[in-house]
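The opening residue of the sequence shown carries number 19 in our numbering; numbering runs sequentially from there. We treat Cβ as the ideally placed atom computed from N, Cα and C, and that holds for glycine. Since we're looking at a predicted model, the values are computed, not measured.
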Amino acid sequence: MATSLYYDCLVVGGGASGFFTAIRLKEEAPQLSVCIVEGQQSTLGKVKISGGGRCNVTHILPETTENSTIPKALMGFYPRQYPQLLGHFINWSPQQMLDWLEKHGVPTHVEKDGRAFPASDDSGSIVHVFESACEAWGIPIRTGARVTDVVERSATEANPHLPTFQHAEAQFMLRLSNNTLIEAKTIVLATGSSESGYQLAEQLGLSLTPKVPSLFTFKIDDAELVELAGVSLPWVKGKLQFPKALQETFTKAVQKTIPKSGIVQEGAFLVTHWGVSGPVVLKLSAWGAFALEASQYQATFLLDSLPSLNDETIMTVLRDERVASAKKWIANACPFEALPKRWWVYLLNKAGIDEFTPWQEVGEKRAITQLCEVLKRLALPITGKGVFKEEFVTAGGVSLPSVNPNSLEAKTTAGCYVVGELLNVDGLTGGFNFHHCWASANTVACAIAVKEESSL
Ligand SMILES: Cc1cc2nc3c(=O)[nH]c(=O)nc-3n(C[C@H](O)[C@H](O)[C@H](O)COP(=O)(O)OP(=O)(O)OC[C@H]3O[C@@H](n4cnc5c(N)ncnc54)[C@H](O)[C@@H]3O)c2cc1C
């Protein structure tokens with residue numbers, strides 16, 4: 019029989035949440051032996067590519083947010099609104115994460131919009147600090163070691179065909195893809211959105227909620243639009259609209275995710291080579307993740323290019339411009355500073371107005387009204403999700419009621435903990451997804467350390 023290795027805690031998955039759990043656990047309980055196993059040949063893959071290579075590590079809320087209200091305010095950036103997150107955010111705040119990084123030699127900077135990055139603007143700094151901490155704490159990292167199977171001690175006692183445990187303290191036996199066996203007293207599932215991680219979770223009795231992509235761009239088949247790739251607007255309002263008949267086919271649970279006023283978000287907007295992107299689109303994809311999936315990504319993106327002005331004001335501005343720029347071609351005299359010229363010309367075309375029309379010839383009824391309509395309610399039909407690798411997170415995963423909210427320990431399986439993206443928690447862009455990784459990792463590390471101490 020093959021001899022198996024033993025660790026007090028085995029972390030399955032060498033991503034952000036796995037590394038941070040292992041390191042925080044050694045900080046809290048240095049006497050424990052901890053190991054990370056990673057299925058790929060290298061670790062921290064998503065950290066490396068995160069934030070466009072800069073790694074948006076967390077999010078600092080505006081100074082006007084009172085300290086005591088920060089944890090609750092943070093919860094507003096997680097579209098599925100999980101009350102269970104409050105405790106984790108109270109125990110590990112964004113500022114604590116920045117302080118931890120600073121203490122470990124990684125200064126950070128916070129941009130105007132609250133996104134925090136390493137001062138180097140290089141995700142390599144975060145990778146390096148985690149790898150160095152593991153080395154300093156003597157945490158072995160076994161790569162190319164996918165966990166394919168896990169059994170609990172109680173199961174082997176009842177089934178003579180299963181391998182017998184060799185270590186008295188061990189509660190779990192894990193088989194790796196290279197056939198190595200590892201035993202552990204506690205295990206932490208930190209497998210992100212991988213299928214094999216979901217299977218392990220189910221094997222351990224955890225229940226899963228449906229999984230759908232979140233944080234993606236919209237594909238829009240409009241040749242004139244995509245010719246404008248690179249054009250951006252600083253602040254727009256976007257709304258998702260689903261055909262009524264289609265919406266009625268959505269399950270009740272999905273229909274509930276659509277407020278009466280529709281799914282509406284504001285933010286910067288960017289035209290891409292295949293459609294539209296930017297914070298407003300990513301936010302809509304997150305809030306509308308389940309409805310969009312149910313519609314097979316067939317919806318209308320209704321765009322308001324001038325959200326701070328109402329129809330009446332816009333009509334007045336347009337009429338005034340007709341007088342002030344009477345002899346100028348309409349393409350050369352846009353009365354709205356926020357609109358780039360190429361966007362203005364695109365909207366003129368959408369309104370059916372020739373760009374070389376002198377303003378004085380722009381008719382009241384059809385042209386001015388139609389122009390106002392496309393400025394406030396341009397309908398862009400979504401035909402799919404963006405085709406590149408901008409799918410940032412998975413919504414859904416291990417259901418929160420199946421874990422203890424204070425420790426993230428599985429209710430069905432004592433000694434098995436869940437962290438990071440594997441949990442049914444997903445946030446908006448801006449550093450919220452990593453913050454959930456750090457906060458859930460801290461919760462689990464502290465819970466294991468406390469349990470260990472109380473068992474002495
Ligand atoms: C392109 C991109 C950019 C992003 N940028 C940001 C950003 O700037 N800020 C932000 O907050 N969030 C960002 N995110 C989201 C963020 O990366 C994730 O929320 C985060 O990485 C989740 O961490 P995790 O450790 O839970 O899972 P993962 O990072 O997915 O790590 C899980 C690890 O487990 C391993 N694994 C899976 N199954 C097994 C198994 N059976 N045995 C052993 N190992 C296994 C996987 O190989 C993987 O390495 C970005 C995501 C993407 C895709």
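Near ligand 1: R164 beta-carbon under 6 Å from a heavy atom: Position 146 of the sequence shown holds residue 164. For ligand 1, a non-hydrogen atom lies closer than 6 Å to the CB of R164.
Alpha carbon to alpha carbon, how far is V65 from Q314? Give it in angstroms, no decimals. To locate residue 314, count along the sequence shown from 1; it is residue 296. To locate residue 65, count along the sequence shown from 1; it is residue 47. One Cα belongs to Q314, the other to V65, and the distance between them is close to 29 Å.
To the nearest whole angstrom, what separates the beta carbons of G449 and R171, a pair I think is in contact under 8 Å? Walking along the sequence shown from the start, residue 449 turns up at place 431. Walking along the sequence shown from the start, residue 171 turns up at place 153. G449 to R171, Cβ: 40 Å. No contact.
Per-residue DSSP class, three states only, for L398: For this step, residue 398 is matched to residue 380 along the sequence shown. Here L398 sits in strand by DSSP.
Please go through the segment 229-304 and give each complete beta strand (DSSP E) segment of 3 or more residues, from N-terminal end onward. The segment 229-304 contains these whole beta strand (DSSP E) runs: 230-232, 236-238, 250-259, 281-289, 293-295.
Can the beta-carbon of L43 be found closer than 7 Å to that of A463? Within the sequence shown, residue 43 is the residue found at index 25, counting from 1. Within the sequence shown, residue 463 is the residue found at index 445, counting from 1. One thing to note: L43 has its Cβ within 7 Å of the Cβ of A463.
Exposed or buried, V294, counting other C-beta atoms within 10 Å across all chains shown (16 or more means buried)? Here residue 294 refers to the residue found at position 276 of the sequence shown. In summary, V294 is buried, with 16 or more beta-carbon neighbours lying within 10 Å of its beta-carbon over all protein chains present.
Are there 16 or more other CB atoms within 10 angstroms of the CB of N442, so buried, or fewer, so exposed? The residue you call residue 442 lines up with position 424 of the sequence shown. Under this definition N442 is a buried residue.
Give the single residue among N460, P297, G31 whose Cα lies nearest to the Cα of F236. Taking the first residue of the sequence shown as position 1, residue 236 is located at position 218. Nearest option by C-alpha distance: P297.
Considering only C-alpha positions, which residue in the set A385, H453, W361 is nearest to L242? Sequence index remark: in the sequence shown, residue 242 carries index 224 (1-based). For the sequence presented, residue 242 should be read as Glu rather than Leu. Closest in C-alpha terms to E242, from the list A385, H453, W361, comes W361.
Counting along the chain, where does the alpha helix (DSSP H) carrying A349 start and finish? Counting from 1 along the sequence shown, the entry for residue 349 is found at position 331. From DSSP, A349 is part of no alpha helix (DSSP H); its letter is neither H nor E.
So is T447 buried or exposed if we call it buried at 16+ other beta carbons inside 10 Å? As a first step, residue 447 must be located in the sequence shown, where it is residue number 429. The residue is buried, with at least 16 neighbouring Cβ atoms inside 10 Å.
Kindly list the residues whose CB is nearer than 6 Å to the CB of M19, restricted to its own chain and excluding five residues on each side of it in sequence; keep chain order. Counted from its first residue, the sequence shown places residue 19 at position 1. Here the model assigns M19 a pLDDT of 48, short of 50, so the residue's position is not dependable, and the following value carries that caveat. So the list is empty, once near-sequence residues are dropped.
Could you give the first and the last residue of the continuous alpha helix (DSSP H) run that contains A163? The sequence position of residue 163 within the sequence shown is 145, counting from 1. Per DSSP, A163 belongs to no alpha helix (DSSP H) and is neither H nor E.
Cβ shell of A467 (< 7 Å), same chain only, five flanking positions each side left out: Counting from one through the sequence shown, the residue named residue 467 turns up at place 449. Contacts found: L43, E46, A47.
Just grab the DSSP bridge partners of A465 for me. By 1-based counting over the sequence shown, the position of residue 465 is 447. Looking at the DSSP assignment, A465 forms no beta bridge with any residue, so it has no partner.
Can you tell me whether DSSP reads Y25 as helix, strand or coil? Counted from its first residue, the sequence shown places residue 25 at position 7. In the three-state reduction of the DSSP assignment, Y25 falls in the strand class.
Would you check whether ligand 1 has a heavy atom nearer than 6 Å to the C-beta of T290? The residue given as residue 290 occupies position 272 in the sequence shown. Not under cutoff, so the answer is no.
So what's P112 in DSSP terms, helix, strand or just coil? Sequence index remark: in the sequence shown, residue 112 carries index 94 (1-based). Helix at P112.
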